[in-house]
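Asks:
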Amino acid sequence: MDLRHLHLASRRVTFKVLFIPLILVLICVIGILIHVQHISYFFRPLWDNAPVPFKHVPHYYAENISMEHLCLLHGWSIRSEPRRVFDAIIFSNELDILEIRWRELHPYITKFIILESNSTFTGIPKPLFFDSNRFRFAFAEEKIVHGVFSGQIATCGTCESPFGLEFEQRRAMTGLLRGSGISNGDLIIMSDADEIPSPHTVKLLQWCDEIPQVIHLELKHYMYSFEFPVDYSSWRATVQIFGPQTGYRHSRQTDLILSDSGWHCSFCFRRLQEFVFKMTAYSHADRVRRKDFLNYSRIQKLICRGDDLFDMLPEEYTFRELIKKMGPIPHSASAVHLPAYLIENADKFRFLLPGGCLRTQV
Numbered sequence: 238m239d240l241r242h243l244h245l246a247s248r249r250v251t252f253k254v255l256f257i258p259l260i261l262v263l264i265c266v267i268g269i270l271i272h273v274q275h276i277s278y279f280f281r282p283l284w285d286n287a288p289v290p291f292k293h294v295p296h297y298y299a300e301n302i303s304m305e306h307l308c309l310l311h312g313w314s315i316r317s318e319p320r321r322v323f324d325a326i327i328f329s330n331e332l333d334i335l336e337i338r339w340r341e342l343h344p345y346i347t348k349f350i351i352l353e354s355n356s357t358f359t360g361i362p363k364p365l366f367f368d369s370n371r372f373r374f375a376f377a378e379e380k381i382v383h384g385v386f387s388g389q390i391a392t393c394g395t396c397e398s399p400f401g402l403e404f405e406q407r408r409a410m411t412g413l414l415r416g417s418g419i420s421n422g423d424l425i426i427m428s429d430a431d432e433i434p435s436p437h438t439v440k441l442l443q444w445c446d447e448i449p450q451v452i453h454l455e456l457k458h459y460m461y462s463f464e465f466p467v468d469y470s471s472w473r474a475t476v477q478i479f480g481p482q483t484g485y486r487h488s489r490q491t492d493l494i495l496s497d498s499g500w501h502c503s504f505c506f507r508r509l510q511e512f513v514f515k516m517t518a519y520s521h522a523d524r525v526r527r528k529d530f531l532n533y534s535r536i537q538k539l540i541c542r543g544d545d546l547f548d549m550l551p552e553e554y555t556f557r558e559l560i561k562k563m564g565p566i567p568h569s570a571s572a573v574h575l576p577a578y579l580i581e582n583a584d585k586f587r588f589l590l591p592g593g594c595l596r597t598q599v
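For our numbering, count along the sequence shown from 1 and bump the result up by 237.
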């Protein structure tokens with residue numbers, strides 16, 4: 238073989254030696270870009286710190302125990318008459334959950350304050366779901382204070398942050414609340430529609446004196462239905478004694494949290510189209526990374542498996558908790574200690590109970 242052929246052969250070998258690693262590097266880079274969110278969440282325990290732990294207030298309750306005794310167990314005293322209670326929520330499209338919530342709390346609530354917008358947090362036009370279905374809530378009509386927020390419709394180049402629009406709605410809720418007839422010393426529940434305090438929790442805080450000015454509610458967290466209990470990580474709901482400086486918030490306001498105070502049922506919808514609406518409408522709509530995430534058959538399979546709609550890893554601060562919660566949520570066959578109205582109307586709300594994972598499309 239002459240020198241020219243040797244030189245060409247050498248160049249081919251050199252090209253292959255360089256080309257193969259280059260392809261491998263490109264594959265790795267593309268893989269990282271595709272799965273950057275998974276990688277970020279998996280290593281969250283390394284780059285993020287858990288918030289300061291709450292101070293849990295023990296919660297005592299059993300049937301047929303006097304309210305005076307329950308107040309004393311909490312270190313409080315009994316009032317001569319109950320406080321008035323105002324339940325304030327910013328509403329999107331959770332009609333079934335809202336019905337369960339209001340039916341469950343109706344005997345204890347003075348006013349149901351509900352604010353809805355003609356646009357989503359992401360600037361998408363939306364119907365006034367509550368207003369057009371108000372007939373479902375005729376049982377509470379005399380207690381309802383309903384407000385409409387004129388939201389900003391997103392157009393090219395004018396898109397505001399979903400969290401900014403959410404903040405504006407919470408500020409509007411403060412105004413609606415102050416015009417509802419509430420007075421200093423009344424109780425105000427601040428939570429999302431799907432964050433439901435138990436009736437005995439509301440009654441306890443209504444009847445006991447010396448309760449904290451502000452207290453968070455620890456709620457048992459469920460996903461898709463009460464068949465999939467996740468944990469007790471839900472903490473954003475609060476009960477506050479109303480005062481001159483009270484404003485509507487859905488963030489941490491105190492270190493105190495009342496243990497086991499109700500239920501938080503996330504994405505607990507009857508119809509698949511409601512899942513799609515929520516996925517594209519709420520503040521974390523950027524989690525819909527591909528169009529097929531909104532495919533009805535895909536959503537249905539994930540609901541029945543108890544798997545994540547956004548193909549995300551758990552948001553945890555330790556590797557132990559992250560690994561523990563990876564994969565589908567375990568099914569539960571228990572329908573004990575759930576809202577009484579739900580159990581009384583089990584046929585109507587079968588989709589929220591064990592074995593009822595199948596949804597209608599529209």
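Ideal placement from N, C-alpha and C gives every residue a C-beta, glycine not left out.
1) Pair every Cβ in the region 526-540 with every Cβ in the region 367-383, then say whether three or more of these pairs are closer than 8 Å.
2) To which residues of the same chain is I494 closer than 8 Å at the C-beta, ignoring the five residues directly before and after it?
3) Nearest by alpha-carbon distance to S314: which of F323, S303, V322 is it?
4) For N284, is the classification buried or exposed, using 16 other Cβ atoms within 10 angstroms of its Cβ as the cut-off for buried?
5) Out of H306, E336, E305, M410, which one is the CA nearest neighbour of K585?
6) For the alpha helix (DSSP H) containing I494, name the first residue and the last one.
7) Whole angstroms is fine: what's the gap from G564's alpha carbon to L546's?
8) Buried or exposed for Q443, going by 16 or more other Cβ atoms inside 10 Å?
9) Inspect the CB distances between the region 585-598 and the region 346-364 and report whether three or more fall short of 8 Å.
10) Over the uninterrupted alpha helix (DSSP H) stretch that includes E432, give me the two end residues.
11) Which residue comes first and which comes last in the beta strand (DSSP E) that contains Y459?
12) What residue from C308, E432, I419, Q482 has the CA that sits closest to W339's CA?
13) Can you give the beta carbon distance from Q389 to G360, rounded, assuming they're within the 8 Å contact cut?
14) Let's test the definition: count the other Cβ atoms within 10 Å of the Cβ of I540 and tell me whether it reaches 16, buried, or not, exposed.
15) In three-state terms, what does DSSP make of R473?
16) For I425 and F479, which I take to be in contact (beta-carbon distance under 8 Å), what is that distance rounded to the nearest angstrom?
17) Quick check: the Cα distance between T597 and F514, rounded to an integer number of angstroms?
18) Across which residues does DSSP place L424 in a beta bridge pair?
19) Output needed for R524: all residues of its chain with C-beta closer than 7 Å, excluding positions within five of it in sequence on either side, in chain order.
20) Rounded C-beta distance between T475 and P282? I'm assuming under 8 Å.
21) Is V382 near I350, with beta carbons less than 8 Å apart?
22) Buried or exposed, going by whether 16 or more other CB atoms sit within 10 Å of the CB of V599?
23) Compare the beta carbon distance of M460 and G543 with 8 Å and say whether it is the shorter of the two.
24) Using the beta-carbon count (16 or more within 10 Å), is L579 buried or exposed?
25) Output yes or no for whether 8 Å exceeds the beta carbon distance between S356 and P362.
26) Per DSSP, what are the beta-bridge partners of G384 in this structure?
27) Identify whether W313 lies in helix, strand or coil by the three-state DSSP scheme.
28) Would you list the residues sitting across from K561 in a DSSP beta bridge?
Replies: Quick look at the numbers:
1) no
2) Walking along the sequence shown from the start, residue 494 turns up at place 257. Here the set comprises F291, K292, H293, V294, I452, H453, L454, E455, W472.
3) By one-based count along the sequence shown, residue 314 stands at place 77. For the residues F323, S303, V322, the minimum Cα distance to S314 belongs to S303.
4) If you number the sequence shown from 1, residue 284 lands on position 47. Before going on, a small fix: residue 284 reads as Trp here, not Asn. Flag for W284 reads exposed.
5) Position 348 of the sequence shown, counted from the start, is the residue given in the question as residue 585. For K585, the nearest C-alpha among the options comes from E336.
6) The residue labelled residue 494 in the question sits at position 257 within the sequence shown. Per DSSP, I494 belongs to no alpha helix (DSSP H); it is in the beta strand (DSSP E), 493-495.
7) For the purposes of this step, residue 564 is identified with residue 327 of the sequence shown, where counting begins at 1. For the purposes of this step, residue 546 is identified with residue 309 of the sequence shown, where counting begins at 1. So the alpha carbons of these two residues sit roughly 12 Å apart.
8) Sequence index remark: in the sequence shown, residue 443 carries index 206 (1-based). Buried, by the Cβ-count rule.
9) no
10) If you number the sequence shown from 1, residue 432 lands on position 195. It is not in any alpha helix (DSSP H) - E432 instead sits in the beta strand (DSSP E) that spans 432-434.
11) Position 222 of the sequence shown, counting from 1, holds the residue named residue 459. Start and end: 456-460.
12) On the sequence shown, residue 339 is found 102 positions in, with the first residue counted as 1. That would be E432, whose Cα lies nearest to the Cα of W339.
13) Your numbering for residue 389 matches position 152 in the sequence shown. Your numbering for residue 360 matches position 123 in the sequence shown. Contact between Q389 and G360 holds: their C-beta atoms lie close to 6 Å from each other, under 8 Å.
14) Stepping through the sequence shown from its first residue, residue 540 is reached at position 303. Buried is the call here.
15) Here residue 473 corresponds to residue number 236 of the sequence shown, with the count starting at 1. Coil at R473, not helix or strand.
16) Position 188 of the sequence shown holds residue 425. Position 242 of the sequence shown holds residue 479. The Cβ separation is near 5 Å, so the contact holds.
17) Along the sequence shown, read from residue 1 onward, the residue named residue 597 stands at position 360. Along the sequence shown, read from residue 1 onward, the residue named residue 514 stands at position 277. Each residue's Cα considered, the two are about 14 Å apart.
18) As a first step, residue 424 is located in the sequence shown; it is residue number 187 there, counting from the start. Beta-bridge pairing links L424 to V322, I478.
19) Taking the first residue of the sequence shown as position 1, residue 524 is located at position 287. Cβ neighbours of R524 beyond the five flanking positions: F547, M549.
20) Along the sequence shown, one-based indexing puts residue 475 at 238. Along the sequence shown, one-based indexing puts residue 282 at 45. Going by Cβ atoms, the distance from T475 to P282 rounds to 28 Å, so no, they are not a contact pair.
21) In the sequence shown, the residue the question calls residue 382 occupies position 145. In the sequence shown, the residue the question calls residue 350 occupies position 113. It is a contact, given that the beta carbons lie within the stated cut-off.
22) Walking along the sequence shown from the start, residue 599 turns up at place 362. Looking at its Cβ environment, which holds fewer than 16 other Cβ atoms inside 10 Å, V599 is exposed.
23) In the sequence shown, counting from the first residue as 1, residue 460 sits at position 223. In the sequence shown, counting from the first residue as 1, residue 543 sits at position 306. Taking 8 Å as the Cβ cut-off, M460 and G543 qualify as a contacting pair.
24) In the sequence shown, the residue the question calls residue 579 occupies position 342. So L579 counts as buried.
25) As a working mapping, residue 356 is identified with position 119 in the sequence shown. As a working mapping, residue 362 is identified with position 125 in the sequence shown. Contact: yes.
26) Mapped onto the sequence shown, residue 384 falls at position 147. In DSSP, G384 forms a bridge with L352.
27) Counting from 1 along the sequence shown, the entry for residue 313 is found at position 76. If DSSP states are grouped into helix, strand and coil, W313 belongs with coil.
28) As a first step, residue 561 is located in the sequence shown; it is residue number 324 there, counting from the start. Note: K561 sits in no beta bridge, so no partner.
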